[in-house]
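Engineer: Quick note: the sequence shown uses the working numbering, first residue 25, plus one each step.
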Amino acid sequence: ACATAAMHFLTDTLRWPADGIKLFGRSLGTGPCVALAAKYQVAGVVLVSPFTSIRDLFREQVGRLADMVENRFPSIDVVGDIRSPVLIIHGQQDT
Numbered sequence: 025a026c027a028t029a030a031m032h033f034l035t036d037t038l039r040w041p042a043d044g045i046k047l048f049g050r051s052l053g054t055g056p057c058v059a060l061a062a063k064y065q066v067a068g069v070v071l072v073s074p075f076t077s078i079r080d081l082f083r084e085q086v087g088r089l090a091d092m093v094e095n096r097f098p099s100i101d102v103v104g105d106i107r108s109p110v111l112i113i114h115g116q117q118d119t
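1) Helix, strand or coil for I78 per DSSP?
2) Where in the region 56-111 do unbroken runs of the beta strand (DSSP E), each at least 3 residues long, occur, reported from the N-terminal end onward?
3) Which word fits G87, buried or exposed, when buried means at least 16 other C-beta atoms lie within 10 angstroms of its C-beta?
4) Figure out for me which residue from R107, P98, A29, K63 has the closest Cα to the Cα of L52.
5) Measuring straight from C-alpha to C-alpha, what distance separates K46 and V69?
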């Protein structure tokens with residue numbers, strides 16, 4: 025909700041064109057970033073250490089208990105809706 029409010033402030037209040045906005049998300053911040061990028065065509069999207077979904081992230085740590093966690097940012101399900109250029113940066117041993 026906060027990321028969407030910020031986007032509305034930029035585009036509606038400040039009248040900043042969406043194609044002049046670059047979105048950046050790191051780790052947990054990639055969830056809201058991907059969600060915004062799936063709704064708005066922006067100048068670009070930078071994702072550092074993104075995850076597929078909160079539930080998948082938890083599953084790596086707690087196994088099946090992760091099924092009890094709300095899948096708030098299912099990035100894997102909406103990433104295909106992004107129409108902006110995307111740069112993904114990720115290490116091989118990210119924890």
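Every residue, glycine too, gets a C-beta built ideally from N, C-alpha and C.
Structural biologist: According to the structure data:
1) By one-based count along the sequence shown, residue 78 stands at place 54. If DSSP states are grouped into helix, strand and coil, I78 belongs with the helices.
2) 68-72
3) Against the sequence shown, residue 87 aligns to sequence position 63. Burial call: exposed.
4) Here the question's residue 52 lines up with position 28 in the sequence shown. The option with the nearest alpha carbon to L52 is P98.
5) By 1-based counting over the sequence shown, the position of residue 46 is 22. By 1-based counting over the sequence shown, the position of residue 69 is 45. One C-alpha to the other measures close to 6 angstroms.
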